[in-house]
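So the structure is just underneath, and the comments pick up after that.
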Amino acid sequence: MSEYFDKTSKHCYDCQCMSHLFSFLNKDELQLVDANKIHVRFKAGETIKKQGTFMSHVLSINSGLAKLYLEGIEGRSAILRIVKPSNFIGGPGIYHDQRHHFSITALLDTSVCFIELQVFKKILSTNNQFAEEFLKDFSRDVLTVYNRLIYLTQKQMPGRMADALLYLLDDIFNQPRFPMILSRFELSELSAMSRESAVKLLRDFQKDGLIRISDHELEILDVESLRKISQVG
DNA sequence: GCATTAACCACAG
DNA sequence: CTGTGGTTAATGC
Numbered sequence: 001m002s003e004y005f006d007k008t009s010k011h012c013y014d015c016q017c018m019s020h021l022f023s024f025l026n027k028d029e030l031q032l033v034d035a036n037k038i039h040v041r042f043k044a045g046e047t048i049k050k051q052g053t054f055m056s057h058v059l060s061i062n063s064g065l066a067k068l069y070l071e072g073i074e075g076r077s078a079i080l081r082i083v084k085p086s087n088f089i090g091g092p093g094i095y096h097d098q099r100h101h102f103s104i105t106a107l108l109d110t111s112v113c114f115i116e117l118q119v120f121k122k123i124l125s126t127n128n129q130f131a132e133e134f135l136k137d138f139s140r141d142v143l144t145v146y147n148r149l150i151y152l153t154q155k156q157m158p159g160r161m162a163d164a165l166l167y168l169l170d171d172i173f174n175q176p177r178f179p180m181i182l183s184r185f186e187l188s189e190l191s192a193m194s195r196e197s198a199v200k201l202l203r204d205f206q207k208d209g210l211i212r213i214s215d216h217e218l219e220i221l222d223v224e225s226l227r228k229i230s231q232v233g
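Counted the way this note's numbering counts, the first sequence spans residues 1 to 233.
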């Protein structure tokens, strides 16, 4: 869990937390980023960025965890994904309307670097390799959303909840035992169901010995069964 | 018809 | 914020 500890350096060129994208910058470009970035630490629960507001910076997560979500109808939200250290977050607003199209809220104490959008765009326009790597990342993120769209619309609740838990296992923590960073309500927002249904499913999974929930920890006991539930939808 | 799925509501802790 | 149970609407045998 050491990657969630804030090891952010004061300057970009000796920072261990930055996105891999920045390894494609030359010394001058890195210096430019360094001179035009702001480092901010957020406490758990604080809003890092708000859907609809003007996008003045792109950001890079140094430590912690946060939820990236769409604010939908009547105050209801859909969690798109959990962002973790070294994730770079731009968003479609960069070349569209310079607005944020999703909100991000810290789940743990989270350290973030804000890089000026104009500086980022300038480097994108001059450094081809950097631009290509950025597009790779961006495309992968888009495909992830396509994938989620399919499973959220074509699977039944058990399959969706299994996918949410497997997502935390495979993409976020990489170990079967991890802290419960999401409330039942947030878990329901991640798997597109009502809060009551999420509670009920977690109870069922627990009763069947697939998972164990204690205090603020969740342990996945039977990954294979979860994967099976995910498959049959 | 009858069963299943899943949301909504109310209420309790 | 969680947990439960009852009700209801839609969909599928």
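Even glycine gets a Cβ: it sits at the ideal position worked out from N, Cα and C.
Since the structure is predicted, the reported quantities are computational estimates derived from the model, not experimental observations.
Residues that residue i bridges to, as DSSP identifies them
i    : result
T126 : According to DSSP, T126 bridges with nothing at all.
C113 : H39 and S60
I211 : I220
R177 : E219
I82  : K67
I104 : K49 and L68
S139 : DSSP, once it has assigned bridges, lists no residue as partnering S139.
R99  : F54
I89  : L59
G77  : At residue 77 the sequence reads Ser, which differs from the Gly that was named. DSSP output for S77 lists E71 as bridge partner(s).
Whether residue i touches residue j by CB criterion (8 Å)
i    : j    : result
E227 : L221 : Looking at the sequence shown, residue 227 is not Glu but Arg. Cβ atoms of R227 and L221: not closer than 8 Å.
K10  : C113 : no
L190 : L182 : yes
V83  : L68  : yes
L25  : F130 : yes
V33  : C12  : yes
S56  : L117 : yes
L80  : V145 : yes
L108 : L65  : yes
A106 : E46  : yes
Residue from the options whose Cα sits closest to the Cα of residue i
i    : options                   : result
F185 : T126, I172 and K200       : K200
G52  : H96, N127, N87 and K43    : H96
R76  : K121, M193, F130 and V33  : M193
M157 : F178, D170, F134 and D204 : D204
Q175 : K207, S60 and E219        : E219
F88  : F22, A106, I150 and S60   : S60
Q206 : G72, G233, D170 and M161  : M161
G159 : K122, S225 and A106       : S225
E217 : L165, S197, S63 and R41   : L165
V232 : Y151, Q98 and F178        : Y151
F54  : R148, R99, A44 and E74    : R99
K43  : I115, T153, I104 and K155 : I104
L149 : F138, D163 and I115       : D163
A35  : V223, V119, N127 and P179 : V119
N62  : D208, M180, G72 and R41   : R41
N127 : A78, E74 and D28          : D28
I115 : L135, H39 and I73         : H39
Contact belief for residue i with residue j at Cβ below 8 Å, rounded distance in angstroms
i    : j    : result
I48  : T110 : 7 Å
A90  : H101 : Strictly speaking, residue 90 in this sequence is Gly, with Ala absent from that position. Actually they are not in contact, since the Cβ atoms of G90 and H101 sit about 11 Å apart, beyond 8 Å.
S188 : A198 : 4 Å
E295 : L21  : The chain is shown only over 1 to 233; residue 295 falls outside these bounds and no answer can be derived.
S86  : C17  : 6 Å
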